[in-house]
Amino acid sequence: MYYDPIKKTLGQVFNRTPWLRRLFYHLLDLLLLRTWHVHRELRRWAKGRTQETLNILDAGSGYGQYTYWMSGLSSKWNILAVDVKDDQVADSNAFFRQIGRRNVQFAVQDLVLYQEPNSFDLALSVDVMEHILEDVEVFRNIHASLKDGGMLLISTPSDQGGSDVHDDGETSFIEEHVRDGYNIREIQQKLSTAGFERIEARYAYGEPGQISWRLSMKYPILMLGKSRLFFILLPFYYAVTFPFCLLLNWLDARTVHDSGTGLIVKAWK
Numbered sequence: 001m002y003y004d005p006i007k008k009t010l011g012q013v014f015n016r017t018p019w020l021r022r023l024f025y026h027l028l029d030l031l032l033l034r035t036w037h038v039h040r041e042l043r044r045w046a047k048g049r050t051q052e053t054l055n056i057l058d059a060g061s062g063y064g065q066y067t068y069w070m071s072g073l074s075s076k077w078n079i080l081a082v083d084v085k086d087d088q089v090a091d092s093n094a095f096f097r098q099i100g101r102r103n104v105q106f107a108v109q110d111l112v113l114y115q116e117p118n119s120f121d122l123a124l125s126v127d128v129m130e131h132i133l134e135d136v137e138v139f140r141n142i143h144a145s146l147k148d149g150g151m152l153l154i155s156t157p158s159d160q161g162g163s164d165v166h167d168d169g170e171t172s173f174i175e176e177h178v179r180d181g182y183n184i185r186e187i188q189q190k191l192s193t194a195g196f197e198r199i200e201a202r203y204a205y206g207e208p209g210q211i212s213w214r215l216s217m218k219y220p221i222l223m224l225g226k227s228r229l230f231f232i233l234l235p236f237y238y239a240v241t242f243p244f245c246l247l248l249n250w251l252d253a254r255t256v257h258d259s260g261t262g263l264i265v266k267a268w269k
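Residue numbers are given in the UniProt record's numbering: position 144 of the sequence shown equals residue 144, and the series is strictly consecutive.
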């Protein structure tokens, strides 16, 4: 299943007005389990820092929802959000100008090549590394771009069923993925090779999260892949499933998991 065409269509629908885009961001924040985990870690990092002038890199910004959320925490934070998709970068720059958030800039950059030495206090990479084959090069570039003491926060699928791969004969649910998921020791080793000295990794998407992901993401994407007419039925589908997904996301974000289909990784320079 190719996810990018569906994402592009969704972006076109919700990019028509700033109000719709804000609504889209809030819906993603509630629906996507990874957002619950990422926001939790970002709140911990941000505690006591909202009055400081800090530089943040959103490495693989996508729709820009994480940049939107972070820029709302503090107007003193300068955020550079980079992505390889020209249209998404242009749309995001226009939207952030419209809503008056001057501390944000989007730019077209390839993370395999991009490096800005000793510039950032925080780097964020949410569901990006499973799309990039040259992951160690990206980790090296981010390490070089962080200031001493700077942190990299990663959300990515694990090898415990990430990308909906459970057996050797299965392939990734999302065709754009170049790897099905990281072994927790593998990503720690790669980050260490890239120069990071302190690394913490934990599982997300335990049993509650896996059920939520199927209800909120897998089944709708499969149906949208078969016919775009399902866009008409999508609000009714979520009217039924949304409350269950919220409860499952809440449970997953507050549970320590021995295994899970996602990883939350923090690494410090």
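Note that beta-carbon positions come from the ideal geometry of N, C-alpha and C, so glycine has one too.
On the DSSP bridge list, what partners appear for residue i?
i      : result
Thr156 : Leu263
Val104 : Ile79
His143 : None, per the DSSP bridge assignment.
Quick one, which of the options has its alpha-carbon nearest residue i's?
i           : options                           : result
Leu31       : Pro235, Gly260, Leu42 and Val256  : Pro235
Val240      : Asp258, Phe139, Pro220 and Ala123 : Pro220
residue 270 : Gly206, Glu207, Ser155 and Phe244 : In the structure displayed, the chain extends from 1 to 269; residue 270 sits before or after that span and is not available.
Pro208      : Phe106, Arg34, Tyr66 and Phe196   : Arg34
Pro117      : Thr67, Ile184, Ile56 and Leu133   : Ile56
Leu28       : Arg43, Thr67 and Ala46            : Thr67
Arg214      : Ser74, Phe244 and Leu191          : Phe244
Lys211      : Leu251, Phe196, Phe230 and Gln188 : First, the residue type needs correcting, since residue 211 is Ile and not Lys in the sequence shown. With distances taken between Cα atoms, Ile211 lies closest to Leu251.
Trp69       : Gln188, Ala46 and Glu134          : Ala46
Gly195      : Gly149, Val38 and Tyr25           : Gly149
In whole angstroms, what is the alpha-carbon distance linking residue i and residue j?
i      : j      : result
Leu111 : Phe95  : 23 Å
Arg228 : Leu222 : 11 Å
Gly100 : Val108 : 21 Å
Phe242 : Ser216 : 7 Å
Ser172 : Asp180 : With a pLDDT of 49 at Ser172, under the threshold of 50, the modelled position of this residue cannot be trusted; read the value that follows with caution. One C-alpha to the other measures close to 6 Å.
Arg97  : Asp86  : 17 Å
Arg22  : Met151 : 28 Å
Gly72  : Ile184 : 32 Å
Thr261 : Pro157 : 6 Å
Gln65  : Asn141 : 23 Å
Gly161 : Asp127 : 15 Å
Please look up how many angstroms separate the CB atoms of residue i and residue j, rounded, as I've assumed it's under 8 Å.
i      : j      : result
Val178 : Glu130 : 7 Å
Arg198 : Trp268 : 4 Å
Asp124 : Ala59  : Residue identity differs from the one stated: residue 124 is Leu in this sequence, not Asp. Indeed, because the Cβ distance is near 6 Å, the residues count as touching under 8 Å.
Leu54  : Leu122 : 7 Å
Trp77  : Asn93  : About 17 Å separates the two Cβ atoms, so there is no contact after all.
Gly206 : His257 : 4 Å
Phe120 : Leu146 : 5 Å
Lys218 : Glu41  : That belief does not hold up - the Cβ atoms of Lys218 and Glu41 are roughly 24 Å apart, past 8 Å.
May I ask you to check if the CB of residue i is nearer than 7 Å to at least one heavy atom of the ligand FAD?
i      : result
Val126 : As presented, the structure is devoid of all ligands, the ligand FAD included, so that no description of it is given.
Since residue i is in the beta strand (DSSP E), which residue starts that stretch and which ends it?
i      : result
Glu197 : Here Glu197 belongs to no beta strand (DSSP E), and DSSP marks it neither H nor E.
Val126 : Phe120 to Val126
State the start and end residues of the unbroken alpha helix (DSSP H) segment that holds residue i.
i     : result
Val38 : Leu33 to Ala46
Asn55 : Premise fails: Asn55 lies in the beta strand (DSSP E), Asn55 to Ala59, not in any alpha helix (DSSP H).
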